[in-house]
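Enquirer: My questions will all concern the structure given below.
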Amino acid sequence: MDTNRRNFLKVAGLSTLAGLGGTAVVDRLVTGAGMAQASTEAGHGAEHAAPAKAGANRYGMVIDIKKFYQDPSLGEKAIHACHQVHNVPNFQDKRDEIKWIWMTKFENAFPEKPNLYRDEATATNTLPILCNHCDNPPCVRACPTKATFRYEDGIIGMDYHRCIGCRFCMAACPYGSRSFNWRDPRPFIAHVNQDYPSRTRGVVEKCNFCVELVQAGKLPACVEAVSDSKALVFGNLNDPNSEIRKILKEAHTIQRNPSLGTLPSVFYIV
Ligand code: SF4
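Taking our numbering, I'd label the letters of the sequence shown as residues 1 to 270.
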């Protein structure tokens, strides 16, 4: 057993592995079966699991719900841009669907805010949801291999190499923000972006706030795709002069299921 594998098993914990299916899981680690081929995300693992340092950037997003209600094409543009950049497959069978950013009804996004007598726009339209890049992310704590980790800027990233497909993170995420590759996704990717890794069967994935673009000084693909409308605004929550902070100061915003204590970094203008 080489040093890397020994270290990995130390991190994962043999008891956890036994609970996940014993030798079958260890076999997957040894052979690499079901793992992603490559990751361009900066940083891998434990060193990124620490909370964001004071003074560091902390990224967040504001979503203006009414703009998506008024122009449903905004949602399509945002989803299309995200999926193209990140090689998200398009499965016809919804049971296999891989979700990074998707549209849903208000009552699905905000079950804590039921209203039997919704206005017509709320009752009939959809709004985008995605990983909330929580400040207190249960998915990071649940991952036995540190495949899910937190960057210093608050973005919750994934190292596909480390994912063993246990799906503990999926069980831990109260927002359903994660998807599991039940099938090989590659034949279902229309146009492969060579600058971002595709995944394999047996790996979990989710929105990564376009960390690879953000770290290069660019906006997330979805934000860029609808930039004229300002329906999505991305920025540094730690900067009181940032556009996102100004919006949060002026507009009434809500987060998804705040009572869970996950502290989402995605805010919705209602
Ligand atoms: Fe993790 Fe879910 Fe929060 Fe995203 S929304 S950081 S996957 S708990």
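Glycine is no exception: its CB is placed at the ideal position from the N, C-alpha and C atoms. From a predicted model like this one, the values you see are computed outputs, not experimental measurements.
Rounding to the nearest angstrom, what Cα-Cα distance links Ile254 and Val270 in this structure?
Expert: Here residue 254 refers to the residue found at position 254 of the sequence shown. Here residue 270 refers to the residue found at position 270 of the sequence shown. Using only the alpha carbons, I get a separation of about 7 Å.
Enquirer: For a test of your reading of the model: does the CB of Cys139 fall under 6 Å from any non-hydrogen atom of the ligand SF4? Yes or no.
Expert: Your numbering for residue 139 matches position 139 in the sequence shown. Correct: Cys139 has its Cβ closer than 6 Å to the ligand SF4.
Enquirer: Determine, using beta carbons only, whether Arg199 and Pro220 come nearer to each other than 7 Å.
Expert: Taking the sequence shown and counting its residues from 1, the one referred to as residue 199 is at position 199. Taking the sequence shown and counting its residues from 1, the one referred to as residue 220 is at position 220. No, the pair does not count as a contact, with Cβ atoms beyond the cut-off.
Enquirer: Quick one: Cα of Lys246 to Cα of Pro197, how far?
Expert: In the sequence shown, counting from the first residue as 1, residue 246 sits at position 246. In the sequence shown, counting from the first residue as 1, residue 197 sits at position 197. Using only the alpha carbons, I get a separation of about 35 Å.
Enquirer: Using CA coordinates, which residue listed in His161, Gly154, Leu127, Trp100 is at the minimum distance from Ala147?
Expert: Taking the first residue of the sequence shown as position 1, residue 147 is located at position 147. Checked all of His161, Gly154, Leu127, Trp100; the closest Cα to Ala147 is His161.
Enquirer: Would you say Asn115 touches the ligand SF4, meaning its beta carbon is less than 6 Å from a heavy atom?
Expert: Against the sequence shown, residue 115 aligns to sequence position 115. No, since every heavy atom of the ligand SF4 falls outside the 6 Å radius drawn around the Cβ of Asn115.
Enquirer: Go to Ile156, then tell me how far its beta strand (DSSP E) extends in each direction, as first and last residue.
Expert: Within the sequence shown, numbered from 1, the residue matching residue 156 stands at position 156. Unbroken beta strand (DSSP E) run through Ile156: 156-158.
Enquirer: Assign Val203 to one of three DSSP states: helix, strand, or coil.
Expert: Stepping through the sequence shown from its first residue, residue 203 is reached at position 203. Val203 falls in the coil class under three-state DSSP.
Enquirer: Please name the residue in Thr122, Tyr151, Cys163, Ile129 whose C-alpha comes closest to that of Pro144.
Expert: Counting from 1 along the sequence shown, the entry for residue 144 is found at position 144. For the residues Thr122, Tyr151, Cys163, Ile129, the minimum Cα distance to Pro144 belongs to Cys163.
Enquirer: Counting pairs of Cβ atoms below 8 Å between the stretch 111-130 and the stretch 149-156, do you hit three or more?
Expert: Segments in contact, no.
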